[in-house]
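Trainee:
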Amino acid sequence: MDNEIGLEKYLKSKLSASSVKIYLFEINHFIRFLGKEKAATASYQDVQKYLNWLRKNYDNPNTIHRIIQAIKQYFFYLIEIKKREDHPCRYLAIKDRSPHQLQLQDFLKTKQLQKLLTALKARKERYKILEIRNQVVMSLLVNQALRVQEICALKVKDIHLKKGIIKIKSTPKTNARTLHLKPEQIMLLHDYLHKIRNELLKNSIEKETKNLIITKKGTAEKGEGIHYLVSTFRKFFPTKRLTPTTIRQSVIANLLASGNDLRIVQVFAGHKNPSTTEKYRQTNFEKL
544 MDNEIGLEKY
554 LKSKLSASSV
564 KIYLFEINHF
574 IRFLGKEKAA
584 TASYQDVQKY
594 LNWLRKNYDN
604 PNTIHRIIQA
614 IKQYFFYLIE
624 IKKREDHPCR
634 YLAIKDRSPH
644 QLQLQDFLKT
654 KQLQKLLTAL
664 KARKERYKIL
674 EIRNQVVMSL
684 LVNQALRVQE
694 ICALKVKDIH
704 LKKGIIKIKS
714 TPKTNARTLH
724 LKPEQIMLLH
734 DYLHKIRNEL
744 LKNSIEKETK
754 NLIITKKGTA
764 EKGEGIHYLV
774 STFRKFFPTK
784 RLTPTTIRQS
794 VIANLLASGN
804 DLRIVQVFAG
814 HKNPSTTEKY
824 RQTNFEKL
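Count along the sequence shown starting at 1, add 543, and that's the number in the working numbering.
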């Protein structure tokens with residue numbers, strides 16, 4: 544605990560308050576990934592191993608870059624408090640592809656997207672209480688093409704089962720919008736809201752959250768669980784880079800390939816600029 548307090552104090556001397564919170568989250572995830580002792584003595588190869596995991600689970604190089612910057616600060620801190628003399632990744636540079644490039648080879652057809660839903664419904668989860676919750680999450684990815692940030696921001700009040708709609712808040716990258724729910728989603732959400740979510744909340748030791756999607760500990764989902772859920776389906780598509788982002792991109796590309804109006808798809812996806820939606824129409828995805 545003392546080391547954690549010391550790390551936070553060190554970060555506060557270098558960063559803004561909002562950045563400190565983000566960096567602490569990323570550093571703690573890195574420590575859990577390698578183990579506390581291993582993380583403190585990590586080599587360049589250990590950091591590279593973690594970087595490879597990040598590349599499999601995150602599409603945006605900017606996100607990966609931010610995480611690596613946080614890890615670099617962790618090692619600077621260890622040097623500062625004399626826990627180690629060297630810095631294993633001081634000069635590690637991220638040179639990944641632009642997040643704005645659409646990777647057509649990773650897109651899924653509509654039938655393949657539906658396979659995610661049917662396979663999830665058929666399998667037994669490690670934690671049975673998460674079965675319905677996970678089905679809700681996957682349905683929001685496949686049917687509404689929501690971003691992870693949007694799913695995590697959803698509140699219970701954003702779901703209107705009687706009207707069969709869901710209200711999505713705006714983000715720096717997407718517009719607010721109201722989308723229709725599929726009939727099967729309404730049933731799923733009804734079971735989740737009236738039974739499963741209440742059971743999950745009993746596991747929380749924190750103040751009760753208003754967030755729609757919560758973890759098995761009863762706390763608000765931050766995104767890590769969604770990325771993990773999607774990663775468990777990569778065995779079905781070994782040649783594709785399956786992530787929440789490629790699922791979203793696939794849904795958008797399929798809508799345009801089916802002949803839907805550009806403006807309608809733009810509103811559905813929440814794109815602020817029609818040129819963002821236009822890029823999907825130019826992929827010739829339907830010819831694959």
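Even for Gly, the Cβ is constructed at its ideal location relative to N, Cα and C. Just so we're clear, the structure is a prediction, and the values are computed from it rather than from any experiment.
Is the distance from the Cβ of Q792 to the Cβ of F650 below 8 Å?
Mentor: Yes, they are a contact pair.
Trainee: In chain order, what residues of the same chain have a beta carbon less than 6 Å from the beta carbon of T789, not counting five sequence neighbours either side?
Mentor: Cβ within range, chain order: D649.
Trainee: Under a Cβ-count criterion, where at least 16 other Cβ atoms within 10 Å of its own Cβ denotes burial, should T721 be classed as buried or exposed?
Mentor: So T721 counts as exposed.
Trainee: Grouping DSSP H, G and I as helix and E and B as strand, with all else coil, what is M544?
Mentor: Bear in mind that a pLDDT of 40 at M544, under 50, signals an unreliable position, so the model cannot answer this.
Trainee: Can you say whether K615 is buried or exposed, counting buried as having 16 or more other CB atoms within 10 angstroms of its CB?
Mentor: It is buried - the Cβ of K615 has at least 16 other Cβ atoms within 10 Å.
Trainee: Under 6 Å Cβ to Cβ from L831, same chain only, skipping five residues before and after it: list those, please.
Mentor: Model confidence at L831 stands at a pLDDT of 44, short of 50, so the residue's coordinates are unreliable; what they give is reported in the following sentence. Counting only Cβ-Cβ distances below 6 Å, and skipping sequence neighbours, we find nothing.
Trainee: So, with DSSP's three-state summary, where would you put T820?
Mentor: DSSP places T820 in helix when its eight states are reduced to three.
Trainee: Run through the DSSP bridge pairs and tell me what N754 is partnered with.
Mentor: Looking at the DSSP assignment, N754 forms a beta bridge with K698.
Trainee: Is K664 closer than 8 Å to V699 when the C-beta atoms are compared?
Mentor: Not a contact, by the Cβ cut-off of 8 Å.
Trainee: So, does the CB of G549 fall closer than 8 Å to a CB anywhere in chain C?
Mentor: Absent from the structure: chain C. Only one protein chain is present.
Trainee: Figure out for me which residue from Y771, I769, S747 has the closest Cα to the Cα of A760.
Mentor: The sequence given here has Lys at residue 760, not Ala. If we check each option's Cα against that of K760, S747 comes out closest.
Trainee: Since I694 and V685 are thought to touch, with beta carbons under 8 Å apart, how far apart are those beta carbons, to the nearest angstrom?
Mentor: The pair is not a contact, with the Cβ atoms about 12 Å apart (cut-off 8 Å).
Trainee: Are there three or more Cβ pairs, one per stretch, closer than 8 Å when the stretch 599-618 is compared with the stretch 763-776?
Mentor: At 8 Å Cβ cutoff, the stretches touch.
Trainee: Within the stretch 670-721, note down every full alpha helix (DSSP H) run reaching 4 residues or more, in order along the chain.
Mentor: Listed in chain order, the complete alpha helix (DSSP H) runs (minimum 4 residues) inside the stretch 670-721 are 674-687, 691-696.
Trainee: Short of 7 Å in beta carbon distance, which residues of its chain neighbour K626, apart from the five on each side in sequence? Order them along the chain.
Mentor: Here the set comprises A583.
Trainee: Just reading off the alpha helix (DSSP H) that P631 is part of, what are its end residues?
Mentor: P631 -> no alpha helix (DSSP H), and no H or E assigned at all.
Trainee: In or out: L771 buried (at least 16 other Cβ within 10 Å) or exposed?
Mentor: It is worth fixing the name first, because residue 771 is Tyr in this sequence and not Leu. Result: exposed.
Trainee: How long is the line joining the alpha carbons of T758 and L550, rounded to whole angstroms?
Mentor: Approximately 27 Å, taken between the alpha carbons.
Trainee: State buried or exposed for Y823, treating a residue as buried only when at least 16 other CB atoms are found within 10 Å of its CB.
Mentor: Flag for Y823 reads buried.
Trainee: Does the pairing of the stretch 772-779 with the stretch 699-712 give three or more beta-carbon distances under 8 Å?
Mentor: Because the criterion of three Cβ pairs below 8 Å is not met, the stretch 772-779 and the stretch 699-712 do not touch.
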